[in-house]
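Peer 1: If you scroll down you'll find the structure; I have some questions about it.
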Amino acid sequence: MKHFARRLKVNDNINTDYVISGRYKFKIQDPKELAGHIFEDIDPGFAARIKEGDILIAGDNFGCGSSREQAPQALKMAGFSAVVAKNFARIFYRNAFNIGLLVVECNTDFIDDGDELEIDAVSGKIQNKSKGLLLDIKPVPPVMKKLLEDGGVVEHFKKYGGFKFE
Numbered sequence: 021m022k023h024f025a026r027r028l029k030v031n032d033n034i035n036t037d038y039v040i041s042g043r044y045k046f047k048i049q050d051p052k053e054l055a056g057h058i059f060e061d062i063d064p065g066f067a068a069r070i071k072e073g074d075i076l077i078a079g080d081n082f083g084c085g086s087s088r089e090q091a092p093q094a095l096k097m098a099g100f101s102a103v104v105a106k107n108f109a110r111i112f113y114r115n116a117f118n119i120g121l122l123v124v125e126c127n128t129d130f131i132d133d134g135d136e137l138e139i140d141a142v143s144g145k146i147q148n149k150s151k152g153l154l155l156d157i158k159p160v161p162p163v164m165k166k167l168l169e170d171g172g173v174v175e176h177f178k179k180y181g182g183f184k185f186e
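Quick note on the working numbering: the sequence shown kicks off at 21 and runs consecutively.
Here you go:
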């Protein structure tokens, strides 16, 4: 499983309310429309800069706070193929895999806004093609890889009529 993209970067301690403001939680039911409002409170033009397949890069503690389940869904619907951070709030991490969004942990200090990246979750590496660097990622657990392959928990359940991890 490989992901190629340029990346967009945000800072440390980005909570789910920054990803998608709570004021939209009940007003907008369409995930694609919701995606147009990501990071609106900290960078109003952010959503307009995303290209399909981009990789979001963050620092420490990404997805902390209310653990709003719309946050990973909005990121996926906005076009992000993956989120790379130094570490994630555990509920955000699980919610991302539940909907089929790849999240990986890596030292992001050597990745700048606009760098071209290639994530290889199988080999456990990120290649920063812009800088010629090869970065190690924390291994993605096999169960999570299976969920990603199937498109998330719901799609996995539909495919197997229950949970099946072999």
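Glycine is no exception: its CB is placed at the ideal position from the N, C-alpha and C atoms. Predicted model, so just to flag it, every value in this text is computed and none were measured.
Among ALA55, ARG69 and VAL103, which one has its Cα closest to the Cα of ILE40?
Peer 2: Nearest of ALA55, ARG69 and VAL103 to ILE40, Cα basis: ALA55.
Peer 1: Under 8 Å between the Cβ atoms of LEU76 and LEU28?
Peer 2: Yes, the Cβ-Cβ distance between LEU76 and LEU28 is below 8 Å.
Peer 1: Put ALA78 into one of helix, strand or coil per three-state DSSP.
Peer 2: ALA78 falls in the coil class under three-state DSSP.
Peer 1: Where do the ends of the beta strand (DSSP E) carrying ASP135 lie?
Peer 2: Run containing ASP135: none; DSSP gives neither H nor E here.
Peer 1: According to DSSP, simplified to helix, strand and coil, what is MET21?
Peer 2: With a pLDDT of 49 at MET21, under the threshold of 50, the modelled position of this residue cannot be trusted; read the value that follows with caution. Three-state DSSP puts MET21 in coil, outside helix and strand.
Peer 1: For a test of the three-state rule: what should DSSP assign to ASN118, helix, strand or coil?
Peer 2: ASN118: helix per DSSP, three-state reduction.
Peer 1: Since I believe PHE112 is in contact with THR36 (beta carbons under 8 Å), could you give me their beta-carbon distance rounded to a whole number of angstroms?
Peer 2: Correct: roughly 6 Å between the Cβ atoms.
Peer 1: Where does ASP37 fall in DSSP's three states?
Peer 2: The answer is helix: DSSP assigns ASP37 an H, G or I state.
Peer 1: Can you tell me whether ILE119 is buried or exposed? The criterion is at least 16 other CB atoms within 10 Å of its CB, across all chains shown.
Peer 2: So ILE119 counts as buried.
Peer 1: Which term fits ASN115, buried or exposed, when burial requires 16 or more other beta carbons within 10 angstroms of its beta carbon?
Peer 2: So ASN115 counts as buried.
Peer 1: Flag this pair as yes or no: are the beta carbons of ASP135 and SER150 separated by less than 8 Å?
Peer 2: Yes, the Cβ-Cβ distance between ASP135 and SER150 is below 8 Å.
Peer 1: Taking the alpha-carbon positions, what's the PHE66 to ASN31 distance?
Peer 2: Each residue's alpha carbon lies about 13 Å from the other.
Peer 1: What is the rounded straight-line gap between the Cα of PHE177 and the Cα of PRO51?
Peer 2: So the two alpha carbons sit approximately 21 Å from each other.
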